[in-house]
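Engineer:
Numbering (our numbering), first residue to last: 257 to 503.
1. On the DSSP bridge list, what partners appear for residue 421?
2. Taking only the alpha-carbon atoms, compute the straight-line gap between residue 467 and residue 456 and give it to the nearest angstrom.
3. Can you tell me which of the three DSSP states residue 451 falls into?
4. Relative to the alpha-carbon of residue 301, which residue among 323, 411, 316 and 481 has its alpha-carbon at the smallest distance?
5. Given a cut-off of 8 angstroms, decide if residue 420 and residue 199 are closer than it, judged by their beta-carbon atoms.
6. What do you reckon, are the CB atoms on residue 389 and residue 321 nearer than 8 angstroms?
7. Let me know the secondary structure DSSP gives residue 291 once reduced to three states.
8. If you follow the alpha helix (DSSP H) that residue 386 is in, where does it begin and where does it stop?
9. For residue 362, which of 258, 501 and 274 has the nearest alpha-carbon?
10. Mind checking residue 422: buried by the 16 CB within 10 Å criterion, or exposed?
11. Taking the straight line between their C-alpha atoms, what separation do you get for residue 350 and residue 392?
12. In terms of residues, what are the limits of the alpha helix (DSSP H) holding residue 321?
13. How many Å lie between residue 296 and residue 326 at the Cα?
14. So, do the region 303-322 and the region 263-272 have three or more beta carbon pairs nearer to each other than 8 angstroms?
15. According to DSSP, is residue 313 helix, strand or coil?
16. Should residue 491 go down as buried or exposed, given a rule of 16 or more other Cβ atoms within 10 Å for buried?
17. Measuring alpha carbon to alpha carbon, tell me which residue in 440, 402, 469 and 449 is nearest residue 433.
18. Please state the DSSP three-state secondary structure of residue 472.
19. Below 8 angstroms on the Cβ atoms is my contact criterion, and I expect residue 403 with residue 412 to pass it. Report the Cβ-Cβ distance as a whole number of Å.
20. Under DSSP, the beta strand (DSSP E) around residue 437 begins and ends at which residues?
21. Over what stretch of residues does the beta strand (DSSP E) that includes residue 506 continue unbroken?
22. Beta strand (DSSP E) containing residue 216: first to last residue?
23. Apart from the five residues on each side of it in sequence, which residues of its chain come closer than 7 angstroms, Cβ to Cβ, to residue 365?
24. Short of 6 angstroms in beta carbon distance, which residues of its chain neighbour residue 383, apart from the five on each side in sequence? Order them along the chain.
25. Are there three or more Cβ pairs, one per stretch, closer than 8 angstroms when the region 279-298 is compared with the region 367-374?
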């Protein structure tokens, strides 16, 4: 049985989460305690050592990121609970963490919790994921890192090191300056949600390029980037791409 803790400053949200857990996951999860702030959350984590947190982003005395960086106990998975906050959601995605939006949709809730149950016996690398998310949440896109999860590894990659990305269905390969090829189980649409809009351009249905690495555009309709790599540009995106990179 997975021990869960709900940390949210709104009593009705805590009640709703508890009710959904009891209705749909009573055989897998038990809610051992609730808390409403960073301070009380830290006390509860230290006392109960939960395996799963339902954690609000914005608390009365700080943020969920503050709590995660302060707690000494890291042996849990986390599902963030947030209102529609673009910056917070981007930070959570950058760190490859999970979240559900308020008001809590039951289908999204079930999907997130099922994923947490499946991950319960795996190494979750929480400390590194939280570090990356907190960096973005507190500092924005400057010198930004993102988390990339493969079947075998978890990478913390600086955006500036990514030359381009190539998609193949529900998988995307990241090509880096270190000549690494990092394949993740994400569609190109999901990849665009975590990369900085200022630097990364969708130049083709299957390609995203980091404009910082572009050297030129040639008559063959390709971008020449660092390491003499050719990245195709679709004809319908040509004008947009050239304007974004060279003007």
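All C-beta atoms in this analysis are idealised placements derived from N, C-alpha and C, irrespective of residue type, glycine included.
Structural biologist: Taking the definition as stated:
1. Sequence index remark: in the chain shown, residue 421 carries index 165 (1-based). Paired residues: 430 and 464.
2. Locating residue 467 in the chain shown gives position 211, where the first residue counts as 1. Locating residue 456 in the chain shown gives position 200, where the first residue counts as 1. Rounded to the nearest angstrom, the two C-alpha atoms are 6 angstroms apart.
3. As a working note, residue 451 is residue 195 in the chain shown. Here residue 451 sits in coil by DSSP.
4. As a working mapping, residue 301 is identified with position 45 in the chain shown. Ranking 323, 411, 316 and 481 by Cα distance to residue 301 puts 323 first.
5. Within the shown structure, residues of the chain are numbered from 257 to 503, placing residue 199 beyond reach of any answer.
6. Within the chain shown, the letter at position 133 stands for residue 389. Within the chain shown, the letter at position 65 stands for residue 321. Yes.
7. In the chain shown, counting from the first residue as 1, residue 291 sits at position 35. If DSSP states are grouped into helix, strand and coil, residue 291 belongs with the strands.
8. Here the question's residue 386 lines up with position 130 in the chain shown. From DSSP, the alpha helix (DSSP H) with residue 386 extends over 382-395.
9. Translated into positions along the chain shown, residue 362 becomes position 106. Closest option to residue 362, Cα to Cα, is 274.
10. Numbered from its first residue, the chain shown carries residue 422 at position 166. Answer is buried; the Cβ neighbour count reaches 16.
11. Position 94 of the chain shown, counting from 1, holds the residue named residue 350. Position 136 of the chain shown, counting from 1, holds the residue named residue 392. Going by the C-alpha atoms only, they are around 8 angstroms apart.
12. On the chain shown, position 65 is the one that residue 321 refers to. That run of the alpha helix (DSSP H) goes 320-326.
13. Here residue 296 refers to the residue found at position 40 of the chain shown. Here residue 326 refers to the residue found at position 70 of the chain shown. Residue 296 and residue 326: Cα-Cα distance of roughly 12 angstroms.
14. yes
15. Start at 1 with the first residue of the chain shown, and residue 313 comes out as number 57. Three-state result, residue 313: coil.
16. Position 235 of the chain shown, counted from the start, is the residue given in the question as residue 491. That one is exposed.
17. As a working mapping, residue 433 is identified with position 177 in the chain shown. Measuring from the Cα of residue 433, the nearest candidate turns out to be 469.
18. In the chain shown, counting from the first residue as 1, residue 472 sits at position 216. Of the three classes helix, strand and coil, the one that applies to residue 472 here is strand, per DSSP.
19. In the chain shown, the residue the question calls residue 403 occupies position 147. In the chain shown, the residue the question calls residue 412 occupies position 156. Yes, they are in contact, since the Cβ atoms of residue 403 and residue 412 sit about 6 angstroms apart, within 8 angstroms.
20. The residue labelled residue 437 in the question sits at position 181 within the chain shown. Run containing residue 437: 437-440, per the beta strand (DSSP E) assignment.
21. With the chain running from 257 to 503 in the structure shown, residue 506 is simply not present.
22. Residue 216 is absent from the structure shown; the chain starts at 257 and stops at 503.
23. As a first step, residue 365 must be located in the chain shown, where it is residue number 109. These residues qualify, in order along the chain: 276 and 356.
24. Along the chain shown, one-based indexing puts residue 383 at 127. So the list reads 330, once near-sequence residues are dropped.
25. yes
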